Amino acid sequence: MYNRLTSLLGIKYPIIQAGMVWNSGWKLASAVSNAGGLGLIGAGSMTPDLLNEHIIKCGKATKKPFGVNLPLMYSKVEQQIQVIIQNKVPIVFTSAGNPAIWTQILKNEGIIVAHVISSVKFALKAQDCGIDLLVAEGFEAGGHNGREETTTMVLVPLIKKISSVPIIAAGGIGSGEAMLAAFSLGADGVQVGSRFAACHESSSHIKFKQKIIDLHDGHTVLTLKELAPVRMIKNEFYRDLEKVYSKGADTKQLKHLLGKGRAKRGMFEGDLDQGELEIGQVSAQFESIQPAEKIVNHLICDFNHALIRIQPIE
0 MYNRLTSLLG IKYPIIQAGM VWNSGWKLAS AVSNAGGLGL IGAGSMTPDL
50 LNEHIIKCGK ATKKPFGVNL PLMYSKVEQQ IQVIIQNKVP IVFTSAGNPA
100 IWTQILKNEG IIVAHVISSV KFALKAQDCG IDLLVAEGFE AGGHNGREET
150 TTMVLVPLIK KISSVPIIAA GGIGSGEAML AAFSLGADGV QVGSRFAACH
200 ESSSHIKFKQ KIIDLHDGHT VLTLKELAPV RMIKNEFYRD LEKVYSKGAD
250 TKQLKHLLGK GRAKRGMFEG DLDQGELEIG QVSAQFESIQ PAEKIVNHLI
300 CDFNHALIRI QPIE
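Residue 95 in numbering that gives the first Met the number 0 is what sits at position 96 of the sequence shown, and the numbering runs on without skipping anything.
1) Hey, residue 98 and residue 130 are a contact pair by Cβ (cut 8 Å); roughly how many whole angstroms apart?
2) Jot down the residue ranges of each uninterrupted beta strand (DSSP E) in the region 200-245, minimum 3 residues, whole runs only, in chain order.
3) By the DSSP assignment, the beta strand (DSSP E) with residue 134 in it spans what residues?
4) Closer than 7 Å by C-beta to residue 166: which residues in its own chain qualify, once you throw out the five before and the five after it? Chain order, please.
5) Output the boundary residues of the alpha helix (DSSP H) element that contains residue 103.
6) On the CB-based measure, 16 or more other CB atoms within 10 Å of its CB, does residue 10 come out buried or exposed?
7) May I ask which residues mark the beginning and end of the alpha helix (DSSP H) holding residue 156?
8) On the CB-based measure, 16 or more other CB atoms within 10 Å of its CB, does residue 300 come out buried or exposed?
9) Hey, quick one: how far does the alpha helix (DSSP H) through residue 49 stretch, first residue to last?
10) For residue 290, count neighbouring C-beta atoms within 10 Å of its own C-beta (all shown protein chains included) and say buried if the count is 16 or more, exposed if not.
11) Could you tell me the alpha carbon to alpha carbon distance between residue 209 and residue 197, rounded to whole angstroms?
12) Taking 7 Å as the limit between beta carbons, can you name the residues of its chain near residue 203, skipping five residues before and five after?
13) CA-CA distance, residue 41 and residue 227?
14) Going by the C-beta, is residue 309 closer than 6 Å to any heavy atom of the ligand HEM?
15) Answer with buried or exposed for residue 72, where buried requires no fewer than 16 other C-beta atoms within 10 angstroms of its C-beta.
16) Under three-state DSSP, which class holds residue 197?
17) Please classify residue 66: does DSSP put it in a helix, a strand, or coil?
18) Please classify residue 118: does DSSP put it in a helix, a strand, or coil?
19) For residue 109, does the count of other Cβ atoms within 10 angstroms reach 16, so buried, or fall short, so exposed?
20) Kindly confirm or deny that the region 2-16 and the region 242-253 touch, where touching means at least three C-beta pairs closer than 8 Å.
21) Do the CB positions of residue 91 and residue 67 come within less than 7 Å of each other?
22) Does the region 172-179 come within contact of the region 110-123, defined as at least 3 CB pairs closer than 8 Å?
Written as structure tokens, this is what we have:
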């Protein structure tokens with residue numbers, strides 16, 4: 000599947016594994032890269048030293064290109080960037096912050112830079128910063144999300160109109176059919192998160208993986224817009240949030256309830272009741288925990304079958 004995205008990144012398939020906190024360690028990133036996609040190490044849940052360890056291990060586990068997903072809102076981002084530069088990581092996906100501060104620094108080191116956006120406004124700002132790729136993420140996606148609640152199928156064509164760089168569709172992509180839909184709307188590739196969160200190589204807790212498989216439609220919700228919008232599973236923690244909201248909670252009260260380490264508690268340690276369980280709407284489609292390689296192969300196989308299926312009958 001050769002196109003301008005695969006050519007730029009040096010990968011076989013235009014499939015990017017999202018750099019999800021507490022899910023995306025070196026085992027997952029290397030497995031996806033070895034399968035022909037682009038694996039990303041999720042730096043959001045890592046100290047600089049731990050990130051360094053994961054980059055080194057990933058480099059030993061694959062000879063294919065891999066990258067790092069770097070949320071820009073965290074306090075140790077400068078040290079993380081130094082780790083990335085020192086290890087000569089070729090590709091960085093930035094998110095959750097202003098790309099103007101770091102994009103040129105990364106590009107000066109020869110690093111390909113993508114930035115995750117959720118609106119036309121932020122896409123234009125990212126392009127002005129000189130990014131190489133745009134990730135158009137709809138509000139179906141799990142984890143931290145845009146406030147606008149624009150869906151992927153609406154966002155991708157809007158970004159296509161104003162963008163000269165390759166576009167990666169994200170949010171709600173869990174099958175080859177969805178991948179084909181994204182391509183028909185103008186995307187050059189797809190970013191897949193939730194499907195890889197529930198795979199063998201994901202670093203998340205087995206209880207969280209099984210919870211993903213057990214979900215149905217309507218089991219996730221976008222909330223905490225006053226702090227940083229996040230899509231999560233409706234569990235006991237979410238119901239506690241609902242009670243606080245019903246009493247007119249302000250941001251201070253919400254921060255107190257959220258506390259620290261809530262996402263780690265849920266996704267990494269397996270507390271399904273009081274943890275913050277970040278996952279996308281598309282999780283309702285999944286039926287089993289699978290190896291990353293099998294997921295990549297299914298995406299490509301189903302994409303090709305869907306393409307044949309919609310060909311006009313002569």
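A virtual CB, placed ideally from N, CA and C, is assigned to each residue, including glycine. Remember, predicted model here, so these are calculated numbers, not experimental data.
So, to answer that:
1) 6 Å
2) Whole beta strand (DSSP E) segments, 3+ residues: 219-222, 229-232.
3) 132-136
4) Cβ neighbours of residue 166 beyond the five flanking positions: 133, 135, 155, 158, 159, 185, 186, 187.
5) Under the DSSP assignment, residue 103 falls in the alpha helix (DSSP H) whose first and last residues are 102-107.
6) buried
7) 151-161
8) Burial call: exposed.
9) 47-60
10) exposed
11) 7 Å
12) Cβ neighbours of residue 203 beyond the five flanking positions: 21, 22, 196, 266, 267.
13) 18 Å
14) This structure simply doesn't include the ligand HEM, nor any ligand for that matter.
15) exposed
16) coil
17) strand
18) Coil, per DSSP.
19) exposed
20) no
21) Here residue 91 is near residue 67, since their CB atoms are less than 7 Å apart.
22) Contact check between the region 172-179 and the region 110-123: fewer than three CB pairs, one atom from each, fall below 8 Å, which does not count as touching.
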